[in-house]
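Student:
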Amino acid sequence: MIEKDYLADMYRDPYFPDFLVDKIKTLLKEVVALLESGESDLEVIQAAFDKATIGINELEEEFDDNDSEIETAARESIGETVDLILAHYKVAIDCEEAIREREW
1 MIEKDYLADM YRDPYFPDFL VDKIKTLLKE VVALLESGES DLEVIQAAFD KATIGINELE
61 EEFDDNDSEI ETAARESIGE TVDLILAHYK VAIDCEEAIR EREW
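Note that our numbering gives residue 20 to position 20 of the sequence shown, counting from 1, and the numbers run on in steps of one.
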């Protein structure tokens with residue numbers, strides 16, 4: 001998957017500090033690394049998405065501290081990126097299920 005596709009709308013919007021979007025990207029890239037290793041067990045993959053989503057949840061206060069928040073545009077951008085990852089690696093998990101741990 002091409003890195004420029006990760007969170008494209010968040011990077012284009014100055015409301016979202018790039019250094020925080022980078023943190024979300026890093027969390028999602030951990031899932032991608034697992035997929036690129038050849039992992040195909042859906043439970044293991046879901047656990048990786050859960051871990052990434054919980055990590056994103058933990059960034060909410062940092063977004064607030066930087067006059068930003070994980071709101072509608074961010075949710076959509078994260079969801080689109082997760083959808084791209086799922087499709088690219090042919091993972092049979094629904095996007096909503098993949099980010100089921102979200103608090104945003």
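Glycine residues also receive a C-beta, built at the ideal position from the N, C-alpha and C atoms.
1. Could you tell me the alpha carbon to alpha carbon distance between L35 and I24, rounded to whole angstroms?
2. As a quick exercise: from Y89, W104, A47, pick the residue whose alpha carbon is nearest that of I37.
3. Contact check, A73 vs D9 under 8 angstroms by CB: the rounded distance?
4. Using three-state DSSP, classify K90 as helix, strand or coil.
5. Can you look up F16 in the DSSP assignment and give me helix, strand or coil?
6. Rounding to the nearest angstrom, what Cα-Cα distance links E3 and E58 in this structure?
7. Taking the alpha-carbon positions, what's the F49 to F16 distance?
8. For D67, which option in L86, L20, E96, I99 has the closest C-alpha, if you only look at C-alpha atoms?
9. Take the Cβ of T81 as the centre, count every other Cβ of all protein chains shown within 10 Å, and call the residue buried at 16 or more, exposed below.
10. Run through DSSP, which three-state label would I45 get?
Tutor: So, from the data block:
1. The residue given as residue 35 occupies position 35 in the sequence shown. The residue given as residue 24 occupies position 24 in the sequence shown. L35 and I24: Cα-Cα distance of roughly 17 angstroms.
2. Along the sequence shown, read from residue 1 onward, the residue named residue 37 stands at position 37. The sequence given here places Ser at residue 37; Ile does not occur at that position. Of the listed residues, the one whose Cα sits closest to S37 is Y89.
3. Your numbering for residue 73 matches position 73 in the sequence shown. Your numbering for residue 9 matches position 9 in the sequence shown. Confirmed, Cβ separation roughly 6 angstroms.
4. On the sequence shown, position 90 is the one that residue 90 refers to. Looking at K90 - three-state DSSP - the assignment turns out to be coil, as it is neither helix nor strand.
5. Against the sequence shown, residue 16 aligns to sequence position 16. In this structure, F16 counts as coil in the three-state DSSP scheme.
6. Position 3 of the sequence shown, counted from the start, is the residue given in the question as residue 3. Position 58 of the sequence shown, counted from the start, is the residue given in the question as residue 58. Distance between the alpha carbons of E3 and E58 is about 23 angstroms.
7. Residue mapping note: residue 49 aligns to position 49 of the sequence shown, counting from 1. Residue mapping note: residue 16 aligns to position 16 of the sequence shown, counting from 1. Whole-angstrom Cα-Cα distance: 22 angstroms.
8. The residue given as residue 67 occupies position 67 in the sequence shown. Of L86, L20, E96, I99, the residue nearest in Cα terms is L20.
9. Counting from 1 along the sequence shown, the entry for residue 81 is found at position 81. Counting other Cβ atoms within 10 Å of its Cβ, T81 reaches 16 or more and is therefore classed as buried.
10. Position 45 of the sequence shown, counted from the start, is the residue given in the question as residue 45. DSSP, read as helix, strand or coil, puts I45 in helix.
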